[in-house]
């Protein structure tokens with residue numbers, strides 16, 4: 031019976047362990063799917079310029095690190111790059127694109143490495159650093175070919191050609207275009223194909239090779255005609271007209287301008303009509319055809335009138351409604367006046383009516399005066415109450431900061447006092463006891479027992495010293511984490527501001543100086559936020575990145591303009607502390623958008 035029970039128990043244990051093993055990957059996959067969905071949500075919020083996108087990005091980074099999901103972490107960093115790129119902060123944008131690139135390279139995700147290089151190259155191109163943009167575009171080309179993404183390859187070749195033209199490296203740009211054209215047969219992208227010839231035409235016109243430039247534009251025309259790309263056709267004919275006029279061929283230019291105008295007019299491309307019309311008028315004026323100049327001038331005036339008419343049509347309905355409303359109100363006023371006149375004629379006692387009307391008007395004036403006086407008085411009282419409330423709120427915030435600082439400073443002082451007592455008094459007594467045991471050991475014959483006693487006393491002395499050292503600061507990982515949690519509890523207990531702590535250093539052994547400085551930096555930043563930012567949330571994240579301690583401190587308060595505002599005493603103290611630790615930090619802040627500080631401090 032007992033053997034049967036044992037076998038059943040063993041079988042159940044095996045089944046449970048197998049179930050646990052199979053459940054682990056399933057749970058991990060579920061978490062990773064959640065992170066992927068979170069990153070997709072972030073993309074949509076960045077497109078819509080939603081302010082909550084930064085909080086979601088930080089959440090994605092935290093979950094990805096916690097679950098060791100490098101692909102999700104890289105995607106979050108890439109999204110951060112897009113966020114800062116749209117915000118116009120190219121320095122932060124490039125910083126996060128490079129972080130994403132390093133992760134993608136480490137995990138061998140070649141599908142994402144090429145696009146990352148493209149993003150970095152676009153950033154350099156935007157600031158006019160064409161040497162670096164071309165360098166990173168060429169790195170992207172290798173991965174596009176390797177992954178057979180020829181549409182991306184040809185698009186990147188066009189971008190390289192544009193930047194080389196901007197840098198006046200025309201021969202190199204020409205070679206890049208010829209290289210890109212080799213892959214156009216593998217890509218069904220006729221518009222991209224046409225872009226190559228558009229860039230080539232620019233190069234030829236820069237080199238004064240007019241016929242070759244026109245030949246390129248004619249090839250573009252054939253592509254646009256085949257694809258029925260009407261806006262491309264009207265633009266290309268217009269460019270042909272410009273180049274013909276530049277080359278002193280007014281008749282050819284006139285034909286091209288007319289073609290551009292007729293296509294734009296037939297396809298209702300109103301935005302492309304004015305350029306050809308003005309150019310036609312200028313050509314006729316150059317040729318001395320004043321009748322034609324006058325004719326096209328009238329066409330131009332007609333176009334302006336139609337454009338103005340179309341702009342006005344959007345507001346006509348609203349104007350009509352407003353007009354009808356005013357008309358009805360005017361009719362009501364006229365009817366009232368008519369009735370008043372009839373009543374005045376019917377009433378024989380006109381003087382009484384006049385006196386009554388004057389009295390009513392007087393009452394209205396008195397009533398309005400009293401009402402306005404009361405309203406102004408209430409507004410003044412409300413303003414004073416608001417000012418008092420602001421003063422009280424400011425005093426409460428200042429008192430809260432003082433209480434939190436006093437609690438933390440009091441705790442540090444008490445721990446140092448206890449450490450000093452342990453070290454000086456208890457340590458001194460144990461040292462005296464150890465000395466007396468050594469004297470006793472010389473007189474006694476039972477040396478083994480005495481040795482055990484001496485060993486026990488030495489062990490006790492070491493333990494007391496260790497406890498004293500631990501109490502004296504926050505250098506160890508547990509001490510730093512404990513102190514930060516105490517700070518978090520003190521801040522959050524006010525119920526006015528919530529502090530979120532993401533501590534990812536684990537059991538990392540910090541020296542006492544580094545831990546104390548890190549805690550002082552966080553404490554100083556928290557104090558600044560409480561004093562100035564009027565924030566609802568504070569987020570503190572500590573992690574290890576590339577052998578450096580990465581500290582991210584964020585709040586959702588008022589923020590400030592980094593370019594126009596001088597750093598206060600608190601931020602200057604933080605800057606000095608970080609520099610003292612051979613670290614670096616950057617601040618991102620703007621009015622009404624909160625503040626973010628990222629510090630990277632070497633760990634030895």
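In this note's numbering, the protein residues as written are 31 to 634. Heads up, the beta-carbon is just placed ideally off N, CA and C, and yes, glycines get one too.
Using the three-state DSSP reduction, which class does residue i fall into: helix, strand or coil?
{"i": "residue 167", "result": "helix"}
{"i": "residue 528", "result": "strand"}
{"i": "residue 57", "result": "helix"}
{"i": "residue 630", "result": "strand"}
{"i": "residue 183", "result": "helix"}
{"i": "residue 533", "result": "strand"}
{"i": "residue 594", "result": "coil"}
{"i": "residue 311", "result": "helix"}
Can you give me the start and stop residues for the beta strand (DSSP E) that residue i sits inside?
{"i": "residue 570", "result": "567-575"}
{"i": "residue 578", "result": "578-585"}
{"i": "residue 615", "result": "614-619"}
Which one of the options has the shortest CA to CA distance from residue i?
{"i": "residue 11", "options": "544, 573, 595 and 621", "result": "Look at the range of the chain in this structure, 31 to 634, and you will see that residue 11 is not part of it."}
{"i": "residue 255", "options": "233, 232 and 289", "result": "289"}
{"i": "residue 59", "options": "296, 331, 169 and 99", "result": "99"}
{"i": "residue 197", "options": "176, 179, 171 and 236", "result": "236"}
{"i": "residue 62", "options": "563, 86, 78 and 90", "result": "90"}
{"i": "residue 566", "options": "552, 587, 549 and 392", "result": "587"}
{"i": "residue 168", "options": "324, 291 and 188", "result": "188"}
{"i": "residue 136", "options": "606, 576 and 535", "result": "576"}
{"i": "residue 425", "options": "77, 203 and 560", "result": "560"}
{"i": "residue 10", "options": "299, 111 and 514", "result": "There is no way to answer for residue 10, as the model of the chain reaches only from 31 to 634."}
{"i": "residue 244", "options": "261, 266 and 299", "result": "266"}
{"i": "residue 79", "options": "291, 341 and 113", "result": "113"}
{"i": "residue 564", "options": "609, 624 and 603", "result": "624"}
{"i": "residue 190", "options": "166, 534, 401 and 120", "result": "166"}
{"i": "residue 621", "options": "610, 574, 609 and 562", "result": "562"}
{"i": "residue 239", "options": "318, 547, 276 and 409", "result": "276"}
Tell me the residue span of the alpha helix (DSSP H) that contains residue i.
{"i": "residue 264", "result": "260-276"}
{"i": "residue 245", "result": "240-257"}
{"i": "residue 552", "result": "542-558"}
{"i": "residue 130", "result": "120-137"}
{"i": "residue 318", "result": "Taken as a continuous stretch (DSSP letters only), residue 318 belongs to no alpha helix (DSSP H), as it is neither H nor E."}
{"i": "residue 225", "result": "220-236"}
{"i": "residue 85", "result": "83-96"}
{"i": "residue 79", "result": "Residue 79 -> no alpha helix (DSSP H), and no H or E assigned at all."}
{"i": "residue 116", "result": "100-116"}
{"i": "residue 610", "result": "599-610"}
{"i": "residue 564", "result": "No alpha helix (DSSP H) holds residue 564; DSSP gives it neither H nor E."}
{"i": "residue 27", "result": "There is simply no residue 27 to check, as the chain begins at 31 and stops at 634 in what is shown."}
In chain order, what residues of the same chain have a beta carbon less than 6 Å from the beta carbon of residue i, not counting five sequence neighbours either side?
{"i": "residue 219", "result": "181"}
{"i": "residue 230", "result": "207 and 246"}
{"i": "residue 105", "result": "69"}
{"i": "residue 224", "result": "250 and 253"}
{"i": "residue 505", "result": "Residue placement at residue 505 is flagged as unreliable, the pLDDT there being 45, under the threshold of 50; the coordinate-derived value follows with that caveat. So the qualifying residues of the chain are 540, 541, 542 and 545."}
{"i": "residue 162", "result": "154"}
{"i": "residue 294", "result": "264, 302 and 303"}
{"i": "residue 616", "result": "628"}
{"i": "residue 262", "result": "254"}
{"i": "residue 322", "result": "314"}
{"i": "residue 139", "result": "none"}
To which residues of the same chain is residue i closer than 7 Å at the C-beta, ignoring the five residues directly before and after it?
{"i": "residue 184", "result": "210, 213, 214, 217, 219 and 222"}
{"i": "residue 233", "result": "195, 200, 203 and 204"}
{"i": "residue 282", "result": "274"}
In chain order, what residues of the same chain have a beta carbon less than 8 Å from the beta carbon of residue i, not counting five sequence neighbours either side?
{"i": "residue 558", "result": "598, 600 and 601"}
{"i": "residue 667", "result": "Residue 667 is absent from the structure shown; the chain starts at 31 and stops at 634."}
{"i": "residue 522", "result": "528 and 529"}
{"i": "residue 652", "result": "The structure shown does not extend to residue 652, since the chain is modelled only from 31 to 634, so the question has no answer here."}
Just to check, is the beta-carbon of residue i closer than 7 Å to a non-hydrogen atom of the ligand ZN?
{"i": "residue 594", "result": "Ligands in the displayed structure: none, and consequently the ligand ZN is not present."}
Quick check: the stretch 588-595 against the stretch 538-558, are at least 3 beta-carbon pairs closer than 8 Å? No, the stretch 538-558 does not touch the stretch 588-595.
For the stretch 84-99 against the stretch 130-143, are there 3 or more C-beta pairs whose distance is under 8 Å? The stretch 84-99 vs the stretch 130-143: no contact.
Given 8 Å as the limit, is there contact between the stretch 100-112 and the stretch 570-588, that is, 3 or more CB pairs closer than that? At 8 Å Cβ cutoff, the stretches do not touch.
Could you tell me whether the stretch 300-311 touches the stretch 271-289, using the rule of 3 or more Cβ pairs below 8 Å? Between the stretch 300-311 and the stretch 271-289 there are three or more C-beta pairs closer than 8 Å, enough to call the two in contact.
Contact the stretch 567-576 vs the stretch 517-534: 3+ CB pairs below 8 Å: Using a Cβ-Cβ distance cut-off of 8 Å, the stretch 567-576 and the stretch 517-534 are in contact, since at least three pairs of beta carbons, one from each stretch, lie closer than that value.
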